[in-house]
Structure formats: structure tokens, C-alpha cells
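**Student:**
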Amino acid sequence: MADSCRDRPPTDPDAAAADCRTASPLSGKKRAQQSPGLRPRYQSPAPGHCLRRVTLTKPTFCHGCSDFIWGLVGFLCEVCNFMCHEKCLKTLRSACSCMTPSAVRVPVAHCFGPAGQKKRFCCVCRKQTEGNGALRCEVCELHVHADCAVFSCADCRSSHLDRTLEQDTFHHHWREGNLAAAARCDVCRRSCASSDVLSGMRCEWCGVTSHAACYLSVPPECTLGRLRCLMLHPACVRLDSRNFSKMHCYRITESCSQDLDNSDDVDQSAAASKEGPPAAPESGKQLKVCDGDDAMKRGCFRLVSIMRATKNEEVVEAALRAFYLPDEPQDFELLELGAAQRLHADDVLNRNGSDHRGPDNRGSDHRGSLKDGGDAWLLRTKPRDAEVLKVYAGRPRSGAAFVSVSVSGTSTAASVLSEALRLLHRQEVDTSRFSLVEIYMSSKQVQRQTLSPQEKIQDKLQEIRKVSVRQMNQTRFYLLEDRKRPLQVFLLVSGLTPMLTTDECVQLIQDQLALKSHLVTVSHVYTSQGAVALQVSCFSEAERIYMLAKDTTVSNKTLTPLVIPEIVLEQLGRDVCPLLVFVNPKSGGMKGRELLYGFRKLLNPHQVFDLSNGGPLAGLHTFREVPRFRVLVCGGDGTVGWVLGVLEAVRHKLVCREPPIGIVPLGTGNDLARVLRWGAGYSGEDPHHILVSVDEADQVLMDRWTILLDAQDLSGDGKDNGFLEPPKIVQMNNYFGLGIDAEVSLDFHQAREDDPDKFTSRFHNKGVYVKVGLQKISCTRSLHKELQLQVDAQDVPLPHIEGLIFLNIPSWGSGADLWGSEVDVRHGKPSIDDGLLEVVGVTGVVHMGQVQSGLRSGIRIAQGNYIRLTVSKPIPVQVDGEPWIQPPGHIIISAAGPKVQMLRKSKQKQKKSSKDGRSESPSSRDGGH
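So for the sequence shown, my numbering puts the first residue at 17; every next one is plus one.
#1: So what does Lys472 bridge to, in DSSP terms?
#2: Of all the options Ala229, Cys252, His227 and Gly223, which has the alpha carbon lying nearest to the alpha carbon of Gln238?
#3: With a threshold of 16 other CB atoms inside 10 Å of the CB of Trp658, please say whether the residue is buried or exposed.
#4: With a threshold of 8 Å, are at least 3 pairs of Cβ atoms found where one atom belongs to the region 124–142 and the other to the region 190–207?
#5: What residue range does the alpha helix (DSSP H) around Ala634 cover?
#6: Span of the alpha helix (DSSP H) holding Ser539?
#7: Could you give the uninterrupted runs of the alpha helix (DSSP H) lying entirely in the region 644–694, keeping only those of 4 residues or more?
#8: Looking at the secondary structure, which residues open and close the alpha helix (DSSP H) in which Arg191 lies?
#9: From which residue to which residue does the alpha helix (DSSP H) around Tyr231 run?
#10: Take the Cβ of Pro12 as the centre, count every other Cβ of all protein chains shown within 10 Å, and call the residue buried at 16 or more, exposed below.
#11: To the nearest angstrom, how far is it from the Cα of Leu353 to the Cα of Ala311?
#12: By DSSP, does Met323 sit in helix, in strand, or in coil?
#13: Whole angstroms is fine: what's the gap from Val453's alpha carbon to Leu495's?
#14: Among His816, Asp808 and Leu611, which residue has its Cα nearest to the Cα of Ser798?
#15: Return the CA-CA distance between Leu240 and Leu246, expressed in angstroms with no decimal places.
#16: Does the structure place the region 529–548 close enough to the region 633–645 that three or more beta carbon pairs sit under 8 Å?
#17: Going by beta-carbon coordinates alone, are Ile975 and Leu707 separated by less than 8 Å?
#18: What does a CB cutoff of less than 6 Å around Ser51 pick up in its chain, not counting 5 residues either side in sequence?
#19: Is it true that the region 162–182 meets the region 204–212, where meeting means three or more beta-carbon pairs spaced less than 8 Å apart?
#20: Can you list, in chain order, the residues of its chain with a C-beta nearer than 6 Å to that of Leu575? Leave out the 5 residues immediately preceding and following it.
#21: Take Ser484 and list the residues in its own chain whose beta-carbon comes closer than 6 Å to its own, dropping the five residues that flank it on each side.
#22: How long is the line joining the alpha carbons of Ala196 and Thr107, rounded to whole angstroms?
#23: Quick one: what does DSSP say Leu799 is sitting in, helix, strand or coil?
#24: What residue range does the beta strand (DSSP E) around Cys306 cover?
#25: Cα separation between His622 and Asp687?
#26: Under DSSP, the beta strand (DSSP E) around Gln523 begins and ends at which residues?
#27: Which class does Thr491 belong to by DSSP, given the choice of helix, strand or coil?
#28: I'd like to confirm the pairing. Which residues does DSSP put opposite Thr116 in its beta bridges?
#29: So, are the CB atoms of Asp391 and Lys304 less than 8 Å apart?
#30: Determine the burial state of Met515: buried for a count of at least 16 other Cβ atoms within 10 Å of its Cβ, exposed for fewer.
#31: Let me confirm a value: Pro235 is counted as buried when at least 16 other C-beta atoms fall within 10 Å, else exposed. Which label applies?
#32: Shortest alpha-carbon distance to Gln4 belongs to which of Val320, Ile583, Ser448 and Arg492?
#33: Which class does Val332 belong to by DSSP, given the choice of helix, strand or coil?
#34: Leaving aside the five residues before and after Val812 along the sequence, list all residues of the same chain whose C-beta is less than 6 Å from its C-beta, in chain order.
#35: So what does Cys169 bridge to, in DSSP terms?
#36: Below 7 Å, is the gap between the Cβ of Cys238 and the nearest heavy atom of the ligand COA?
If you want it as C-alpha cells, here you go:
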């Protein structure tokens with residue numbers, strides 16, 4: 017990966033302190049990393065910081081305790097911009113950004129996406145990230161500038177076991193800063209959040225928060241906190257994902273990261289020229305420094321400002337800080353590009369910025385590109401006869417996570433392997449069962465390479481450093497045992513033609529993807545959904561199938577391949593009822609996407625599914641063997657009906673055939689959510705509070721109905737003269753309407769189809785609905801002449817109405833009570849589980865408006881559980897808000913098998929103690945975003 021070319025923030029004492037709260041350096045004039053000169057350093061218990069005493073010229077807050085720094089003196093880290101009081105130096109525990117790779121337990125890559133406009137602080141340079149040039153990880157709380165992303169490492173949450181790098185004990189996963197406004201320290205109970213600086217620590221699993229000086233006092237083992245009973249523990253999820261990025265593993269659409277994928281290829285020197293030249297110090301010059309051959313080929317560099325009388329070691333130290341490297345400067349040297357000359361230790365730059373190196377010296381007036389030499393330098397590691405290599409245990413036990421092995425020019429991977437086993441007191445084991453693996457912990461993808469036993473280790477280290485010195489800082493060597501476990505990669509391929517036979521589906525997928533029978537097994541076939549589940553025993557074959565399926569079209573529809581995790585039931589706690597979350601990101605404007613992000617952070621991302629990427633089947637297939645689970649659907653009534661329909665179709669393949677379903681209302685009407693007390697619409701509620709409400713919700717039953725639409729050509733005498741089209745069967749949850757109600761819905765639906773970008777606001781949608789309704793005021797339709805109604809085999813005469821509506825729930829048209837609350841001795845009180853439909857009529861658009869205003873109710877006609885309609889003319893109909901024109905024929909409504917389990921929000925939420933986990937959501941400061 018190429019190095020970022022963003023200039024380092026200012027380290028001049030006055031300027032640095034004054035600018036400690038500005039945005040990323042790319043948002044203004046570029047500034048360069050300056051050499052340390054002769055200023056004294058201050059030691060701290062936290063590793064990596066290069067602290068200098070600075071004079072403050074602006075109001076400044078301490079990053080350690082988040083309090084205001086009174087006075088004119090502060091202490092600034094010239095690497096990561098950490099600022100603190102003098103009194104906080106003794107209790108400083110926050111490691112510098114350059115030490116982040118050394119603190120990683122299990123390397124897990126991030127899934128970067130656009131961060132939006134919310135105020136956050138960069139976890140690398142600690143500056144504010146507000147604006148379009150910010151990124152965030154889709155599954156954890158890492159926020160960075162786009163040009164700081166390459167200096168972050170693979171320290172995301174470990175959400176599953178990949179059979180190679182594991183840990184026996186589940187520890188807290190700490191992330192610094194960006195806490196909720198009301199966060200309090202779990203140790204001292206004082207406030208630990210700050211909206212001014214990157215301060216405080218938070219576990220990204222259980223949500224416990226603490227001061228940076230207190231978090232080491234928190235017990236190291238994580239219990240997952242308040243949401244433990246809803247969460248899939250990482251030990252319960254297994255996924256062999258060597259050849260797949262984390263975007264593929266978490267089923268995150270690639271559009272979220274496509275801009276980042278090309279960010280490393282940008283010519284940063286050109287970007288710098290667009291913003292004007294960086295501010296150079298007086299009587300000095302600037303050096304363009306590359307950290308290896310890779311950066312040199314890409315033309316990427318970092319600017320280092322050289323001040324008066326600066327020696328080589330001080331220049332090298334400034335270059336190391338510019339690349340966030342914690343190494344000692346005496347182990348490195350600078351080579352001039354194009355001239356292959358070293359800057360010797362006794363060389364001193366004079367006041368005019370030129371150096372005394374001989375006739376080939378180029379002064380500060382010659383500022384060419386990297387190829388021109390002069391101001392362009394290459395950071396190299398000095399040759400070493402011997403060094404110490406840290407070898408990490410693949411599955412660390414009690415004790416140190418790594419051992420230090422001395423290597424020389426003759427050391428091979430086999431000799432290092434034997435020495436590491438001896439230091440781990442495992443010399444009696446067979447060394448052939450182990451291998452030495454090089455792992456590059458890039459922030460975007462963890463890359464692994466198994467070393468051959470004869471490979472020279474020191475040559476390997478020199479090769480890595482030659483490519484990129486920074487890459488060496490993010491590279492580890494692991495001692496891994498070959499346990500000879502059978503490899504299993506699970507893929508779900510959807511997009512096939514629905515309703516084919518099982519043999520036809522298998523043959524179709526075989527022909528399209530050329531499956532190798534000795535490596536691929538078809539484990540499940542979902543004929544009603546047009547999907548096939550594959551079990552692959554080879555990484556390369558799984559990758560080939562995945563990439564080929566993405567480019568394959570069947571019946572003008574592109575196939576959708578998804579990587580599916582395996583849930584280990586033996587690791588699932590008895591008191592755990594995991595939550596399966598479906599989010600429709602297209603619902604509610606941008607609220608759907610923000611909820612998707614929020615739930616991925618709060619839960620295991622493997623239990624959160626994007627409905628725009630594979631639909632509900634992927635989640636139900638993943639949870640097919642879980643004995644007990646709940647479902648949360650985030651979307652409108654149409655989305656809820658979609659999930660319920662797929663659940664009904666695949667119910668026979670699930671161990672838990674009737675999971676209770678909760679709703680987060682993101683649609684326009686949200687009638688079902690209103691009845692179940694989830695609200696009229698999502699208005700930015702904290703996602704953590706939503707999950708707590710789901711955990712405390714009551715289970716209720718709800719009727720579902722099957723509608724058979726049998727279109728036939730009916731003559732004037734009502735006799736059948738032939739079929740117009742094949743019969744159609746649909747499922748109904750809320751209501752079924754014919755006439756004026758469906759006609760208004762149809763016009764609204766067509767307006768939304770013509771210009772969907774305008775229909776992103778609930779308020780706008782309702783405005784368009786009213787406008788369409790007003791256009792229908794003058795329309796008249798004698799519905800009683802076009803319909804014949806039978807309820808429970810009894811003919812029911814229709815009054816003079818323009819619309820006929822069958823209600824399953826006591827909410828219609830965005831919360832209106834169409835049936836009414838008046839007591840009627842002829843009819844019983846409606847309920848969602850009484851096995852009856854309420855038949856109601858409306859006389860026109862004016863009547864509908866009065867009902868929705870609460871001035872009137874509809875015309876009660878009947879109640880029953882078996883409805884038969886005869887339609888003599890084409891008529892608009894709608895089921896749960898989905899309208900169309902129905903040809904003449906017969907319509908039969910009957911109960912659709914067993915009732916479905918739904919979750920109804922509890923009226924009195926139980927007050928539970930916050931001591932067992934998360935009391936505050938990390939996103940509550942921003943209203944859930």
C-alpha cells in the first residue's frame with residue numbers, strides 16, 4: 017500500500033498548540049514535519065510519545081483528563097498531537113499512534129466507508145474529522161482522515177474465529193475517544209467524555225467506558241455487557257476467510273469502499289500543488305521523504321521541514337515521526353534519490369538550507385519532483401549483522417504473547433521456528449506440525465504468507481524494509497500449528513429463476529459456474545427464492561465461484577454471491593437468544609444506512625444484514641440451525657411483509673420456525689409498527705435503546721392472511737368464460753383495499769417510481785399522498801355495483817361506497833382508526849390475533865380525509881375469517897401499500913396457516929442495573945447517528 021502524502025501537522029511549539037483542534041492538514045495549507053532541534057524531551061509511562069514543552073496561544077484541553085489546561089504551558093507529542101497537563105504526565109496511559117501495531121491482539125482489517133458530517137476525531141492524528149475527507153470503519157469506532165487511513169493498522173474487532181489466530185480469553189477491545197456525551201468512567205464514576213478532544217476509552221463489545229488513566233484497572237475479561245443475551249459471541253461464529261476481504265465477510269456493499277480503494281493511487285504531490293506550497297520554516301528547507309521503493313514508484317512522499325543547524329540524526333528522527341514509526345534514528349539513514357548519496361552523521365544543514373556535502377550539493381532553490389533528486393530523499397534501514405525478531409504465538413496461552421529470537425545472516429525459518437518453540441517450552445513437539453507465517457497488518461486487509469523452512473529470515477526482513485519501512489512496523493511473524501482441520505467455505509448464491517425444481521436449480525448453477533464436484537457440495541436449495549447454498553472445501557475454488565457469480569447473469573438478472581458464516585451451536589449460551597437484524601438502507605432517507613452502521617457496532621456484524629444485498633434469505637439461512645432467536649426488521653410495512661413472506665417460504669428449513677419479530681419503523685405509514693408500539697416513525701432514537709427495548713418486548717400473536725386472486729373473464733350473467741391470467745397468491749399482514757383507497761396508493765406509487773430520489777422524507781411522502789388524494793375528489797365509482805361480497809359463506813349487501821377495505825390490524829393510512837372505537841353489539845372488538853378480518857367501507861376521498869383526521873370512522877360492514885369477492889370490472893387493489901390493477905374475477909381471503917410471533921414494545925420498560933454492562937450507547941451523543 018502506498019504511503020499517504022499528507023504533511024505532518026505543525027510541531028513548532030506555539031503553532032502546534034494553537035492548531036491542536038483544527039481539521040485534517042489537507043483542509044488548509046499543508047504543513048510539514050519539522051526536525052526536533054535541541055528542544056528537551058519529557059518521559060511518560062505511555063510508550064511512543066515524543067513530548068515537548070510548548071507555549072499555549074489558544075484555549076486547549078488535555079487529552080488525558082479532558083479538562084481545560086489553565087496557564088500557558090502544555091506538553092505536546094510531535095508524532096500524534098497528544099496534548100496534556102504537566103500533572104497528567106505521570107498517569108499517562110494512552111499509547112502513541114505509532115505504537116498501535118504493537119498493541120494488536122488478533123489482526124483484523126477495517127471496513128472503511130464514508131463517515132458523513134458528524135463531528136469525530138481522527139484516531140491517528142487526533143484532529144477533528146468533520147467534512148467529506150473523513151472515513152470510518154463500518155463495524156467499529158475507528159474514525160480517520162482519508163489520508164491518515166494508511167497509518168492505521170488492522171486493529172478492528174475480531175468478530176469470528178478463522179481457525180488460525182485465536183485467543184483463549186475474550187478481552188475488552190479498547191478504542192480511544194469519540195465517546196457519548198454522558199459517558200462515565202467505570203472505575204472512578206466521573207465523566208470521561210469530551211467533545212473537544214480525543215479522550216477516554218471504551219470497549220467496543222461491552223461498551224464500558226473509562227478514563228485513559230483508569231482503564232487498566234478494569235478487569236481484562238469482557239462479558240459483552242447489557243446486550244449479551246442478544247449478541248452472537250465471536251467464539252460462536254466460524255468463518256474461513258483467507259481469500260475474502262472483511263467487506264465480503266460482513267456482506268458490506270462495495271460501493272461503500274470503492275472511493276477508498278483508489279485513494280492510494282492518487283499523486284499526492286499533485287494534490288499538494290493544488291493547495292499551494294507548504295509553509296516552510298524561516299531559514300530552512302523542506303525535504304520530500306519516501307519510506308521505500310513502493311512509495312518512490314508511486315511518487316508518494318512526506319514533507320519534513322529542516323530548521324537551523326540540524327544534524328542528520330535529528331532529520332532522520334523527524335522523518336520517522338512523519339511516518340509514525342517508533343524506531344530509533346541511529347538505525348536509519350537518508351539516501352538522496354537520483355544521487356545515491358548518504359547524509360552522514362556529521363553533516364550539518366546551514367542557515368540557508370543548503371548542506372556541506374561536496375560538489376553535488378543542491379540548494380533550496382532547486383525544488384524538483386522525486387525524480388529530480390535534490391530535495392527528495394529515501395528513508396532506509398542501516399545494514400544489520402544481527403537483530404532480534406519477535407515471534408508471536410498463533411493461539412497465545414497464559415504468559416507473554418510473543419518471544420524474542422535472535423537472528424543473523426544464517427538464520428532460516430526452520431531455525432527460528434525451533435528456537436521459538438524452545439522459548440515457549442514446547443521443544444518436545446514435532447516441528448513439522450508448525451510453520452512460520454508472515455502477516456502484514458494493513459488497515460484494509462490482513463495479508464499472510466507462509467515462509468519456507470529454508471528461507472533466510474534476515475534477507476526477508478531487509479526485503480520488507482526495502483519495499484516500505486512503515487510496512488515493517490505493521491508486519492508480524494506468527495508461529496502457527498497445522499491442525500489439519502477440514503476447510504469449509506459457505507457461499508449463498510441468489511438471483512436464479514424462482515420456482516424451478518431442485519434438480520433444475522442445481523443444474524443451472526452447475527452450468528453457469530462450472531462447479532467442481534470434488535470440491536463443491538450443494539447443501540441447500542431454496543427453489544421459491546431462486547437461491548442455492550454451496551459448501552466449498554478449497555479457498556481458491558471459493559474465490560473463483562464468488563468472482564464468477566458476480567459477473568454472471570441469469571434471465572437478465574445478475575447473481576448475488578454472499579459469504580455465509582457458520583454458527584457454532586455448542587458455544588451458544590443457554591440464556592442467549594441472538595437477534596437477527598435486517599435493515600433496509602433505502603428506507604427513511606439516510607436513516608436506514610445510519611441504523612445499519614449503528615447495529616453493526618453494537619452487535620456482532622455477522623448478525624446484521626443489509627436487505628439491499630441478498631434480501632432476507634441470507635440472514636435466515638445463517639440462523640437456520642439456531643434453536644432460538646429473535647428478528648428485528650428496520651424498514652416500512654412493505655419491508656416487514658417481505659421478511660415475513662420469505663420466512664413463511666423457508667420456515668420448514670429452520671430449527672426455530674416461529675422467531676418473534678420486532679420493528680424499527682422507517683417507512684411512511686408504519687401502521688403495523690404503530691399497533692405494536694414501536695412508534696409512528698424512526699426519529700433518531702439511540703440504537704442501543706432500541707436493542708434494550710427489543711430485549712424487554714412482549715411476545716404477541718398476529719394473524720396472517722392468504723389472498724387468492726383468480727382473474728377470469730366474467731360475462732354479464734356472472735358466469736366464467738375463461739381465464740385472463742394465471743391465479744396469483746399474495747400474503748397480507750395489515751390490510752387489503754379495493755377502489756378509491758387503492759387508486760390513490762397506485763398514483764402515489766407511480767409518482768415515486770418516476771422520481772424515487774425525491775421520496776426520501778416521510779413528510780414529503782405524506783404531502784404527495786395528500787396531493788394525489790385531492791385530485792381524486794371529483795372521481796366517483798359505484799363500487800357496490802362492481803363487487804359481490806361473501807363473508808363466511810353469507811352474502812353481504814354493500815352500501816353506496818367507493819372503497820372497500822379489509823383490516824387485520826386497528827391502524828390504517830398512517831395511524832387512522834378506520835373501524836372506530838364505538839361499542840357495537842353486532843361486532844366484536846378487533847384484535848390482531850382474533851382470527852377475524854374487519855370489513856369497512858369509505859364513500860370517497862373526503863371520507864378518507866375525515867377518517868385520517870379523527871373526525872369520522874369508516875362504515876362497518878362485517879367481520880369474518882373467510883372472504884369471497886366477485887369482481888366484474890378491472891379495479892385498483894392494494895395489499896399492505898403495494899398497489900396494482902386487478903382484472904375481473906374472484907378474490908378469496910383466508911387464514912394463512914399458523915399465527916406469527918411479533919414483538920410488542922413494553923409499556924413499562926424494566927429498569928436494569930447498568931453495572932453489568934453498557935449504560936450508555938456510543939452514539940447517543942449524535943442521536944443514534
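Glycine included, every Cβ here is placed at the ideal spot set by N, Cα and C.
**Tutor:** Taking the structure as given:
#1: Looking at the DSSP assignment, Lys472 forms a beta bridge with Thr428.
#2: The identity of residue 238 in the sequence shown is Cys, whereas the question assumes Gln. Looking at the Cα atoms, Gly223 is the closest of the given residues.
#3: Answer is buried; the Cβ neighbour count reaches 16.
#4: Taking 8 Å as the limit for Cβ pairs, the verdict is that the region 190–207 does touch the region 124–142.
#5: In the DSSP assignment, Ala634 falls within the alpha helix (DSSP H) that extends over Leu633 to Thr638.
#6: Note, Ser539: premise wrong, no alpha helix (DSSP H); beta strand (DSSP E) at Val536 to Tyr542.
#7: Complete alpha helix (DSSP H) runs here, min 4: 653–666 and 687–691.
#8: Under the DSSP assignment, Arg191 falls outside any alpha helix (DSSP H), being part of the beta strand (DSSP E) whose first and last residues are Trp190 to Glu192.
#9: Segment: none, Tyr231 is in no alpha helix (DSSP H) and carries neither H nor E.
#10: This structure does not reach residue 12, given that the chain is present from 17 up to 945, and the question cannot be answered.
#11: C-alpha separation (whole angstroms): 12 Å.
#12: Three-state result, Met323: coil.
#13: So the two alpha carbons sit approximately 7 Å from each other.
#14: Out of His816, Asp808 and Leu611, His816 has the C-alpha closest to the C-alpha of Ser798.
#15: Rounded to whole angstroms, the gap between the alpha carbons of Leu240 and Leu246 is 10 Å.
#16: Judged by Cβ distances under 8 Å, the region 633–645 makes contact with the region 529–548, as three or more pairs qualify.
#17: In the structure as shown, the chain begins at 17 and stops at 945. Residue 975 is therefore absent and cannot be evaluated.
#18: Caution applies to Ser51, whose pLDDT of 46 falls short of 50 and renders its modelled position unreliable; the model cannot decide the point.
#19: No contact exists between the region 162–182 and the region 204–212.
#20: For Leu575, where only same-chain residues beyond five positions count, the Cβ hits under 6 Å are Val509, Gly511, Ala565 and Thr568.
#21: The residues Asp307, Gly308 and Asp310, in chain order, have a CB closer than 6 Å to that of Ser484 in the same chain once the five nearest residues on each side in sequence are set aside.
#22: Between the alpha carbons of Ala196 and Thr107 lies a gap of roughly 23 Å.
#23: It is helical.
#24: From DSSP, the beta strand (DSSP E) with Cys306 extends over Lys301 to Cys306.
#25: About 30 Å.
#26: Per DSSP, Gln523 lies in no beta strand (DSSP E); the unbroken alpha helix (DSSP H) holding it starts and ends at Thr518 to Leu529.
#27: The three-state reading of DSSP puts Thr491 in strand, counting E and B together.
#28: Per DSSP, Thr116 has no beta-bridge partner at all.
#29: Here Asp391 is near Lys304, since their CB atoms are less than 8 Å apart.
#30: Here Met515 is exposed: its Cβ has fewer than 16 other Cβ atoms, across all protein chains shown, within 10 Å.
#31: Exposed.
#32: Within the shown structure, residues of the chain are numbered from 17 to 945, placing residue 4 beyond reach of any answer.
#33: Helix, per DSSP.
#34: Leu805 and Ala878, listed in sequence order.
#35: Partner(s): Ser458.
#36: What this structure holds is no ligand at all, so the ligand COA is not there to describe.
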